[in-house]
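Numbering that gives the first Met the number 0 puts the sequence shown at residues 0 to 311. Glycine is no exception: its CB is placed at the ideal position from the N, C-alpha and C atoms. As the structure is a prediction and not an experimental result, all values here were calculated from the model. Comments concern the structure below.
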Amino acid sequence: MSKKILVIGSLNMDLVTEARELPAPGETVLGRSLSYIPGGKGANQAVAAAKLGARVSMLGRVGADDFAARLIDNLRGAGVNTENIKGCAGVNTGAALICVDARGENSIVVIAGANEKCDEAFLKENSALFENYDYIMLQLEIPLGAVGYAINKTAGLGKTIVLNHAPMTVELDEELLAKVSYLTPNENELARLYKRLFPADGRRLAGDNVEMARVLAERLGIKIAVTLGAAGAVLTDGKNSTHFKGRQVDVVDTTAAGDCFNAAFVAALASGKTEPEAMGFANAAAAIAVTRKGAQTSLPSLAEVDFTYRNT
Ligand code: RIB
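So this is what it looks like as structure tokens:
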């Protein structure tokens, strides 16, 4: 039986429009249509893992508005246990303003709302939960204190802690990063993290994602899985690094592709797949997600990922 995953993180309603180009600073562009799509890095990862057959619970917070029920319904519909998502009065549910351009690239503004209340105090109240799970998945759309608390509380208990270092608006202590099992940045997040931990290194490794990840993993004593978009992904333990090739697909929208990768990687490990198998599976899942619009609307089923993983 697959091991159990707890996702601690954000839930957002994504307000999405499509435009030919993303607006530059000071520029106004015309968007086509407006869609309300369930999102939030935490919720996206929970839905994606559940759709891939994992046993998933989510710990998070929603506000006192209509978005809350819609987000929870979508999680439930995918098979996520939502009993630990708590409402809070007087705040809005998290939201994200997303513009997607003709190449499928996006720009996103997140309004944290109730996600701010998924704080250290809330996690302390719910910390008894942690012991029931084998995998703890975290991202950076809830307060940093909460992320730190969850890592400190679960490190050393034989659990696998997976930290998706996104969005890169906050910076975690090196000491904390060293306690996770896997860090999963994209290439921008990797470069920023490298620059922060090796400030004197200048541009020595700029552009060499594999070596930057290896050096970081070596320094932190953890494993790092870097997503490289169409170029695939790299897994390194600080000694050995393996590159997993991406698939050439027609990109429609990259929103939540990273969430999909993270979830598929963890769901695969939880089901007993080896690390290389899990990386290949996660690559396949993300390759499907980018061919579809939206966050949770783009997340593939187990049958779809299995087919792509085995046949392409
Ligand atoms: O990773 C994609 C997500 O980032 C979107 O769903 C949006 O809500 C933001 O949190």
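- For Arg19, the three-state secondary structure derived from DSSP is coil.
- At the C-beta level, Val289 and Val233 stay beyond 8 Å of one another.
- The distance from the Cβ of Thr92 to that of Gly112 is about 6 Å, consistent with a contact at the 8 Å cut-off.
- Classified as buried, Gln138 has 16 or more neighbouring CB atoms from the shown chains inside 10 Å of its CB.
- With three or more CB-CB distances shorter than 8 Å, the stretch 129 to 143 counts as touching the stretch 4 to 18.
- In this structure, Ser34 keeps its C-beta atom at 8 Å or more from the C-beta atom of Asn114.
- Contact between Gly245 and Ala286 holds, since their C-beta atoms are separated by about 7 Å, short of 8 Å.
- Straight-line spacing of the CA atoms in Cys87 and Gly293 works out to 26 Å.
- Ranked by Cα distance from Arg309, the first of Val61, Leu196, Val179, Ala277 is Ala277.
- For secondary structure counted as the beta strand (DSSP E) over 3 or more consecutive residues, the stretch 191 to 275 holds these complete runs in sequence order: 222 to 226, 232 to 235, 240 to 243.
- Going by beta carbons, Val109 and Leu74 fall outside the 8 Å limit.
- For Thr159, the uninterrupted beta strand (DSSP E) run begins and ends at 159 to 162, by DSSP.
- Here Asp13 carries a strand assignment [DSSP, helix/strand/coil].
- By the neighbour-count criterion, in which a residue is buried when 16 or more other Cβ atoms sit within 10 angstroms of its Cβ, Asn187 is exposed.
- Look at the beta carbons and you see the stretch 176 to 194 touching the stretch 212 to 221: at least three pairs across the two are nearer than 8 Å.
- Buried is the label assigned to Met12, since at least 16 other Cβ atoms lie within 10 Å of its Cβ.
- Just so you know, the alpha carbons of Val55 and Ala145 end up roughly 20 Å apart.
- Around the Cβ of Leu204, a 10 Å sphere holds 16 or more other Cβ atoms; the residue is buried.
- Within the DSSP bridge table, the entry for Met136 names Val6, Val161 as partners.
- Nearest in C-alpha terms to Val248, of all of Ala255, Ile97, Gly231, is Gly231.
- By DSSP's assignment, Pro37 forms a beta bridge with Met12.
- Residue burial is scored here from C-beta neighbours: Glu140 has at least 16 other C-beta atoms within 10 angstroms and is therefore classed as buried.
- Each residue's CA atom was taken as its position, placing Val169 and Leu143 some 7 Å apart.
- By the criterion of a C-beta distance shorter than 8 Å, Ala263 is surrounded in its chain by Ala47, Ala48, Leu51, Ala277, Phe280, Ala281, Ala283, Ala284, Ala285, Val304, once the five residues flanking it on both sides are discounted.
- For Leu171, the three-state secondary structure derived from DSSP is coil.
- Per DSSP, reduced to three states, the secondary structure at Asn91 is coil, with no helix or strand assignment.
- In this structure, the alpha-carbon of Gly237 lies about 10 Å from that of Val209.
- Exposed is the label assigned to Met0, since fewer than 16 other Cβ atoms lie within 10 Å of its Cβ.
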